[in-house]
Each structure stands twice: as C-alpha cells, then as structure tokens.
Amino acid sequence: MKYDFVAVGDITTDAFILLKDASVNCEINTDTCMLCMRFGDKIPYEKVDVVKGVGNAANAAVAAARLGIKTALVTDIGTDRNGDECLEVWRREGIADEFVRRHSEYPTHYHYVLSYEAERTILINHQPWPYVVPQFNETPEWIYFSSVGEHGESYHHELAAYVKSSGAKLAFQPGTFQMSLGAEKLADLYEATELFFCNKEEAQRILKSDIDDVPELIRGIHTLGPRQVVITDGRNGGHSSDGTNIWFLPMYPDPKPPLERTGAGDATSSTTTAFVAEGLSLPEALMRGMINAMSVVQEIGAQKGLLTKKDIEGLLSKAPEDFTPKKIS
Numbered sequence: 051m052k053y054d055f056v057a058v059g060d061i062t063t064d065a066f067i068l069l070k071d072a073s074v075n076c077e078i079n080t081d082t083c084m085l086c087m088r089f090g091d092k093i094p095y096e097k098v099d100v101v102k103g104v105g106n107a108a109n110a111a112v113a114a115a116r117l118g119i120k121t122a123l124v125t126d127i128g129t130d131r132n133g134d135e136c137l138e139v140w141r142r143e144g145i146a147d148e149f150v151r152r153h154s155e156y157p158t159h160y161h162y163v164l165s166y167e168a169e170r171t172i173l174i175n176h177q178p179w180p181y182v183v184p185q186f187n188e189t190p191e192w193i194y195f196s197s198v199g200e201h202g203e204s205y206h207h208e209l210a211a212y213v214k215s216s217g218a219k220l221a222f223q224p225g226t227f228q229m230s231l232g233a234e235k236l237a238d239l240y241e242a243t244e245l246f247f248c249n250k251e252e253a254q255r256i257l258k259s260d261i262d263d264v265p266e267l268i269r270g271i272h273t274l275g276p277r278q279v280v281i282t283d284g285r286n287g288g289h290s291s292d293g294t295n296i297w298f299l300p301m302y303p304d305p306k307p308p309l310e311r312t313g314a315g316d317a318t319s320s321t322t323t324a325f326v327a328e329g330l331s332l333p334e335a336l337m338r339g340m341i342n343a344m345s346v347v348q349e350i351g352a353q354k355g356l357l358t359k360k361d362i363e364g365l366l367s368k369a370p371e372d373f374t375p376k377k378i379s
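Have a look at this one:
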C-alpha cells in the first residue's frame, strides 16, 4: 500500500497529573522558571488523566488520519499491555500499524506530565530501541519525522539517505535530542528536509543565536537546507516561508482559556504538512494548522481536540478578518 503520510518517531503513554499545590519561580534576568513543590512532603493533586499512544509522531499520525489522509506510523513499543493499548488507539483512528515493531526486552514508554496553570513539565524515559528505517513497498508521499531517543543518531542519517534516494518529501519537527545533537551533526537531515517546524526559542537554540526577529531566524534555518520553514511564537502567531517569501499569521483566537498546551506544536506542524500534501500553499496550510492547535489546547492531552477537515474548514469560515497570512518579505 502507498501511504500519503508516514509519521516516524517515539511514542508514549502520558499520565497527566493536574497539580493544585505548587508554584512557579523564575530567575531574574533569565528565561529559567522552576516548578516548585514542598520537598519531602505529601503533595495533593486534583486528578490524573492517562492518555495512550501519544508522542510527537503518534500525534501527527492521528491528526493526518482524522483529516482523511492515508496514514501509517513507524515506531517501537514493548510487548506489554501498555503497548497493546497503544495499538488499539491507533487502529481505532485508522492508522496503519504494519511498521510498528514490538520488543519483549523493553517496556513501552510511559511518561508523567505535571500540569500546572496550562503549562506542563514532562518526566521522560526513552528506551534504547533498535531503530530501523522500514522497507516500504511503495515510497510514501510524505515522511514526518520527530522525536526519538538519544541513542538514535545513526537513524537520522539512514532516514536522510532514504529520503534523498527515494524522492519522498520530508517534514522535520525536531525533538529535544535532535536539537541537542546540533545542526552540524544532522546536516544531511536538514538538507533532505522539505518542510521544517519549530518555535522561536527552538530556532534560537538550533542556530545558537539570541536573535529575536523571527524572519531572520527563518532565513537562518533556510541556510541549513530546509526548503520551506514554519516558526511559531506562541500567542504572537507564526511565520512561514517558501524560501522566497515570508508570511505572518496571527493566532486563531481561543474560545476560552487553554486547558493544557501539550500537543499544540504537533497539531500545527502535522496539520500544516497534511494540507501541503493535499496541494495547499504553505500559508494556507498553516491557517488550518493553527486552528487545529487552538482546538487541541482546549482538551487534556495532544489528541482529543484534533479536528476533522470539515471541522477545520467550518472554523476557518468563521475566522476573524485579520486571521489571514500577511506577506512581510
């Protein structure tokens, strides 16, 4: 079978722990803030929501599948009950799992998300999966690559080589490990990337720059190789570039205060990629991506709020007049 959208990366089960007895302390003249709780004490929490089969790649696969796109997931899980339940989630969403590999020697990832004041701090633990680029019977139209574990450096080079030799288009949304590796070590992957996503702070980290101007950061990312670039900036909206022109788009207004921000970036980038794959221009696709991100933050977890194509187009028809791409360069 030929897939239009193949998501590649690690997955997890997230346990969202909603805190009520905590505080946030930020250091003066820095961007560092600390989530604080009493040490050596019993800390009450409001509730726990367990969400199966999430993570950057899984969230992207669910987003694409709900848009009606033929989607597959490439990932590794254990042979445990947690892995069984993750598979059940993806099958209900209509995601092909023929490239999901199972391992008896490692457990399926399980992460803890400490939620406080609509932000989250995530406790993570990546297993040393033996990553392998699958043998596709037919080349996928788009491969969407995101977060993997710190032992997977060679996987990036194998995937870059596959993309270059096969002609598949690559969308790359780097995770923490990929940013810590540095753009130099992943030069071949950046060069193979058709469509790149990150937020402003991540762009600064990747470029090792304190530049605050997003269009300038976009130009910096282009020099690494990606042909099209999207950089988001929270409530300040997002910028997109096709390598020639740069557009600014304000955020789609929240109908009410966000409940939990996990998955907003995944929704933006995967939905944008899906609509580019459908033939829309990058600025038009980003409009749909930001609408889906708005919906996601109204729910707990990264998948519950993901919309269908009909829902997105309905919200777009009701968008404020200023919710339109503005060419700035």
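Just add 50 to the spot in the sequence shown (first one is 1) and you have this note's numbering.
C-beta atoms are modelled at their ideal positions from N, C-alpha and C, and glycine is treated no differently.
Query, Result
"Span of the beta strand (DSSP E) around Lys306", "Unbroken run through Lys306: none, as it is neither H nor E."
"Neighbourhood of Glu148 by C-beta, 6 Å cutoff - its chain only, sequence neighbours within 5 removed", "none"
"Ala122 and Ser320 closer than 9 Å at C-beta", "no"
"Bounding residues of the alpha helix (DSSP H) (the contiguous stretch that carries Ile271)", "264-274"
"Segment contact flag, the stretch 156-170 with the stretch 309-318, C-beta cutoff 8 Å, min 3 pairs", "yes"
"Where Phe237 sits in the DSSP three-state scheme", "Here residue 237 turns out to be Ala, not Phe, going by the sequence shown. It is helical."
"CA nearest to the CA of Lys52, picked from Leu274, Trp192, Gly103", "Trp192"
"Cβ neighbours of Asp238 in the same chain (closer than 7 Å, five flanking residues each side left out)", "His207, Ala210"
"Pro50, buried or exposed, once every other Cβ within 10 Å from all chains shown has been counted against 16", "Within the shown structure, residues of the chain are numbered from 51 to 379, placing residue 50 beyond reach of any answer."
"Residue burial classification, Ile93 (beta-carbon count within 10 angstroms, cutoff 16)", "exposed"
"Cβ separation of Met340 and Pro375, assumed to be a contact under 8 Å, to the nearest whole Å", "The pair is not a contact, with the Cβ atoms about 11 Å apart (cut-off 8 Å)."
"Opposing strand residues paired with Glu169 [DSSP bridges]", "Tyr166"
"Asn187 in three-state terms, based on DSSP", "coil"
"Spatially closest choice to Cys76 from Lys70, Leu267, Cys86, by CA coordinates", "Cys86"
"Ser196 vs Gln223 beta-carbon contact at 9 Å", "yes"
"Burial state of Phe89, where buried means 16 or more other Cβ atoms lie within 10 Å", "exposed"
"For Gln278, three-class secondary structure by DSSP", "strand"
"The beta strand (DSSP E) enclosing His207, as first and last residue numbers", "Run containing His207: none in the beta strand (DSSP E); it sits in the alpha helix (DSSP H), 203-216."
"Rounded separation between Asp134 and Asp262 - CA only", "45 Å"
"CA nearest to the CA of His153, picked from Leu231, Asn132, Tyr302", "Asn132"
"Outcome for Pro303 when other beta-carbon atoms lying within 10 angstroms are tallied against a minimum of 16", "exposed"
"Boundaries of the alpha helix (DSSP H) in which Leu357 is found, first to last residue", "Element bounds for Leu357: n/a, residue is neither H nor E."
"Alpha carbon of Pro370 to alpha carbon of Asn249, nearest angstrom", "24 Å"
"Between the CA atoms of Asp130 and Leu299 - distance to the nearest angstrom", "44 Å"
"Below-9 Å beta-carbon distance, Tyr160 vs any chain C residue", "The structure shown contains no chain C, having only a single protein chain."
"Sub-9 Å separation of Val101 and Thr63 beta-carbons", "yes"
"Exposure of Glu143, with buried meaning 16 or more beta-carbon neighbours within 10 Å", "buried"
"Among Ala343, Pro308, Val124, Thr358, the one whose alpha carbon lies nearest that of Ser165", "Pro308"
"Neighbour-count burial assignment, Ile271, 16 or more Cβ in a 10 Å radius", "buried"
"Helix, strand or coil at Val74 according to DSSP, with G and I counted as helix", "strand"
"Residues bridged to Asn249 (per DSSP)", "Thr282"
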